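Residue numbers (the numbering used here): 104 to 636.
Only one structure is covered here, and it is reproduced in the block below.
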């Protein structure tokens, strides 16, 4: 494994810190801009999933380890699945932290460590310090041509917007900006590769054991990422064995042992999703298909062009180690187009090999085209800056939106007061009926169960959304409303601006609803049905 000097680490730590700080600016703007009447919601890009993560943290905060879906009314037993945020909730309680601050601290911490792991893996394949730095910046800050496509041909309503603005799985900076568990998963994936590839003859028993442990931790966060974690090293050693006629049996045996260690975890996950109806319903809706191929081409844009150049350069050099990032990119291209529901999930970490290859390509182009070292440096810096435009545009836009209190990023105080009343006066097991947006907020804010609130974690989401709309419609018969309340086991009805927009039903005239809280345009009603204790 190629050495990294202290001076290099100092540069990597400094740059990684600057990238993390940049990703934090929109959050700082949001929290500084909030007022007593409008509170920052804590999310920038994917509010629904952010609420989902906080809901899981609440379960840990209450002292639980088993995971339940709080966005659906069906009662069910918890399972030991994806404990990252549940463990974070336990940690927040032990440290006396609120859940949003704990989330941000972990995002920054794991994001920073992920960036350092990216640099270390790049250093395994590139000897030149300057080329390492170029590859690192491309692997962590580069984005696609989404900004250009929006200028030339803006996305029509209902169309697929540029992926470099929303596809968290595929871009390192978007992961850093939003999701600490993605940062942890990518970091663990890179650690596994670092341990397995440390020696040409294959990992030592200690390194193999550490890689197996890291793979178990990875499986607890993203089980599907175990497929590339196991398959890629095995594929690399197999290809190299065929090429050199010297098979790395130690490496292949280590990967096989890792697979055996992972089997109980994967078997348990399969059992959960095949025998627990609620989790099976979640799985059926957890569809993350790849967008059209053209969006990938625009989304990775110049990175792909430079990666092709880098591939040609390394092929001519004949360096066998360089096959690894090329195989990684190729494997992802296959996995993201196989006929399964989790296609785009396999993009996780793909910008690392693309950045690695692109870095080699950019350095080669600069070396061939420019003789002056200063000119080469300026050319590389200009290309890196140009390829970061989408991320800069996104960060600037989000910061300005947060600073100006854009309604999409803030919650009215009255709405939060109603939710907080439920948190202080009811149990998490008492199901709340509200509109989809309010239903998304309630589990995140207080950790209570709702009828509807998440497109994947609300079982049979579309059916429930239609039923909730009927409940709040003025012309719906009371007998149908009562049947829905009974079916879902609703204990409280939340009635605010969103629910009024769904229909003109007036809860004040319903004899089976008792007003228990009101502030401004927000009211909470307790359901009292005959025969219910």
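Every residue gets a Cβ at the ideal spot worked out from N, C-alpha and C, and that includes glycine.
Note that the coordinates shown come from a computational prediction; the quantities given were computed from them, not determined experimentally.
Where residue 514 is concerned, the enclosing beta strand (DSSP E) starts and stops at 513-515. Put simply, of 564, 554, 594 and 519 the residue whose alpha carbon is nearest the alpha carbon of residue 621 is 519. For residue 335, same chain residues with a beta-carbon under 7 Å away, outside a window of 5 residues either side, are 430, 431 and 434 in chain order. For residue 137, there is no enclosing beta strand (DSSP E), since its DSSP letter is neither H nor E. Three or more beta-carbon pairs drawn from the segment 588-600 and the segment 520-540 are found closer than 8 Å, and the two stretches are therefore classed as touching.
DSSP lists 622 as the bridge partner or partners of residue 625. As computed with DSSP, residue 478 is found in no beta bridge at all. Shown here for residue 290: same chain residues with a beta carbon closer than 8 Å to its own, the five before and five after excluded, namely 213, 216, 217 and 220 in chain order.
Under DSSP, residue 142 shares a beta bridge with 514.
For residue 213, DSSP records no beta bridge to any residue. In this chain, the beta strand (DSSP E) harbouring residue 598 covers 593-598. Look at residue 275 here: in three-state DSSP terms it is helix.
In this structure, DSSP gives residue 239 a helical state, which the three-state scheme calls helix. Counting the other CB atoms within 10 Å of its CB gives residue 350 a total below 16, which places it among the exposed residues.
Counted as a single uninterrupted DSSP element, the stretch harbouring residue 398 is not any beta strand (DSSP E) but the alpha helix (DSSP H) occupying residues 396-420. Only residues of its own chain outside the window of five on either side were considered, and among them 381 have a CB closer than 6 Å to the CB of residue 179, listed in chain order. Contiguous beta strand (DSSP E) elements confined to the segment 436-466 do not occur, taking only those with 3 or more residues.
A Cβ-Cβ contact shorter than 7 Å links residue 273 with residue 450.
Taking a contact to require three or more Cβ pairs closer than 8 Å, the segment 191-209 and the segment 163-173 qualify as touching. In this structure, residue 546 keeps its C-beta atom at 7 Å or more from the C-beta atom of residue 285.
Residues 358, 361 and 362 of the same chain have their beta carbon placed closer than 7 Å to that of residue 333, with the five preceding and five following residues left out of the count. Classified as exposed, residue 110 has fewer than 16 neighbouring CB atoms from the shown chains inside 10 Å of its CB.
In the three-state reduction of the DSSP assignment, residue 391 falls in the coil class. When only Cα atoms are considered, residue 136 and residue 506 end up about 5 Å apart.
Counting only the Cα atoms, residue 614 lies some 8 Å from residue 631. The Cβ atoms of residue 321 and residue 462 lie no closer than 7 Å to each other. Given a length threshold of 3 residues, the segment 542-583 has no whole run of the beta strand (DSSP E) inside it. Boundaries for residue 535: no alpha helix (DSSP H) harbours it, while the beta strand (DSSP E) harbouring it runs 534-536, taken from the DSSP string.
Here residue 543 is buried. Its C-beta has 16 or more other C-beta atoms within 10 Å.
Between the alpha carbons of residue 629 and residue 588 lies a distance of about 11 Å. Residue 604 holds the alpha-carbon nearest to the alpha-carbon of residue 575 among 549, 548 and 604.
Residue 442 and residue 369 have their alpha carbons spaced roughly 20 Å apart. Residue 608 carries a coil assignment under DSSP once its states are collapsed to helix, strand and coil.
Here the segment 122-142 makes contact with the segment 493-502; the two share three or more CB pairs at distances below 8 Å. Out of 467, 233 and 142, the CA that lies nearest to the CA of residue 513 is found in 142. For residue 581 and residue 565, the gap between their C-alpha atoms comes out near 22 Å.
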